[in-house]
Amino acid sequence: YVALPFGALFECLDVSNVLFVWYSLTLERKVLLVSSQCSVLTVCAEILCSLLFPMQWSHLYIPTIPRFLTPMLDAPMPYLCGITRENMAYAVGDISDETIVVDLDQNVITTGPYTPELPPIPHRRRFKLETALEQHVGDVFWNARGLRKEQVDKVRNSKKPNAKERLDDLLDNAEHIWQMRNKGFDEAFNLVYAPDSVRNSNDDQLRGSPSEGDASS
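For the sequence shown, our numbering assigns the number 405 to the initial residue and increments by one for each residue that follows.
Structural data, given as structure tokens:
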């Protein structure tokens with residue numbers, strides 16, 4: 405887990421939504437991740453599992469569920485699954501009414517009509533956890549959208565008459581930047597980790613190619 409790019413999850417979701425998903429998993433709920441990018445689904449699912457340490461996710465776990473397995477989304481047990489936006493259209497009828505759907509592209513969480521309400525986290529513990537996360541990773545979400553948290557807070561707290569319009573424009577532009585960046589994640593992932601990628605070629609060179617004597621033997 406140490407080598408996971410933890411920032412990827414905090415780029416997709418703000419701190420409050422990351423906490424909500426993490427808490428849902430600790431209570432063994434049904435969670436479905438949605439993204440247009442397979443690489444985002446895989447990485448974020450692994451990060452969420454790692455955040456449960458020292459506990460371990462021991463229920464159904466499919467980071468990128470194929471279309472023919474979507475009926476499993478109505479399973480009577482907890483699960484952590486991911487589905488591409490393309491396949492989501494075919495899975496709507498299979499998703500359990502208790503499922504928590506997490507849209508990684510839009511930073512939106514939707515609960516099912518029969519999703520059990522989460523018990524509240526003790527106020528002092530939640531405040532301490534949120535404060536620590538905001539201090540260390542609070543800017544990651546906004547930096548991925550070309551902004552700083554201070555910029556957003558300044559406009560949001562402004563008393564000027566046009567503050568709301570400025571905030572809407574700022575957030576619309578930030579969302580556009582994020583969506584453009586998000587579209588390239590799978591391509592970038594494939595360029596780095598595909599069998600013929602430059603990274604893997606360099607790794608082979610570092611490990612050393614077999615000598616002629618080794619090859620002949």
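The beta carbon of each residue, even a glycine, is placed where N, CA and C say it ideally should be.
Just so you know, these numbers come straight off a predicted model, no measurement behind them.
Residue i: which of the options sits nearest, CA to CA?
{"i": "N511", "options": "I487, V419, T430 and A536", "result": "V419"}
{"i": "M459", "options": "C485, A412 and W426", "result": "W426"}
{"i": "E450", "options": "P475, L484, P523 and I499", "result": "L484"}
{"i": "I525", "options": "E538, S428, H540 and W582", "result": "S428"}
{"i": "H463", "options": "T488, L456 and P482", "result": "P482"}
{"i": "I469", "options": "T488, S454, W461 and C453", "result": "T488"}
Compute the Euclidean distance between the alpha carbons of residue i and residue j, then round it to the nearest angstrom.
{"i": "A479", "j": "A536", "result": "36 angstroms"}
{"i": "C448", "j": "F410", "result": "8 angstroms"}
{"i": "W546", "j": "T474", "result": "33 angstroms"}
{"i": "H527", "j": "L533", "result": "10 angstroms"}
{"i": "L445", "j": "V438", "result": "7 angstroms"}
{"i": "G516", "j": "D507", "result": "14 angstroms"}
{"i": "D509", "j": "L417", "result": "8 angstroms"}
{"i": "D398", "j": "E569", "result": "In the structure displayed, the chain extends from 405 to 621; residue 398 sits before or after that span and is not available."}
{"i": "D543", "j": "E415", "result": "9 angstroms"}
{"i": "F531", "j": "L423", "result": "11 angstroms"}
{"i": "S562", "j": "L571", "result": "9 angstroms"}
{"i": "F457", "j": "T430", "result": "10 angstroms"}
{"i": "M584", "j": "A592", "result": "13 angstroms"}
{"i": "L477", "j": "L408", "result": "26 angstroms"}
{"i": "W461", "j": "E538", "result": "26 angstroms"}
{"i": "I466", "j": "I499", "result": "14 angstroms"}
{"i": "A567", "j": "L413", "result": "30 angstroms"}
{"i": "S443", "j": "P565", "result": "42 angstroms"}
Using the rule of at least 16 other Cβ atoms within 10 Å of the residue's Cβ for burial, across every protein chain shown, is residue i buried or exposed?
{"i": "T514", "result": "exposed"}
{"i": "G497", "result": "exposed"}
{"i": "N421", "result": "buried"}
{"i": "A619", "result": "With a pLDDT of 46 at A619, under the threshold of 50, the modelled position of this residue cannot be trusted, and the question is left open."}
Could you pull out every residue in the same chain whose Cβ sits closer than 7 angstroms to the Cβ of residue i, ignoring the five residues on either side in sequence?
{"i": "Q441", "result": "N586, F589 and D590"}
{"i": "W582", "result": "A548 and R549"}
{"i": "L455", "result": "W426"}
{"i": "V559", "result": "A567, R570, L571 and L574"}
Just to confirm my understanding: we take residue i, look at its own chain, exclude 5 residues before and 5 after, and list those with CB closer than 8 angstroms. What are they?
{"i": "P520", "result": "R433 and E502"}
{"i": "E554", "result": "none"}
{"i": "R471", "result": "N491, Y494 and A495"}
Who are the Cβ neighbours of residue i in its own chain at under 6 angstroms, not counting the five residues just before and after it?
{"i": "G486", "result": "L437, L445, A449, P467 and T468"}
Check: Given 8 angstroms as the limit, is there contact between the segment 499 to 516 and the segment 428 to 438, that is, 3 or more CB pairs closer than that?
Finding: yes
Check: Is there contact between the segment 543 to 550 and the segment 574 to 582, where contact requires at least three CB pairs shorter than 8 angstroms?
Finding: yes
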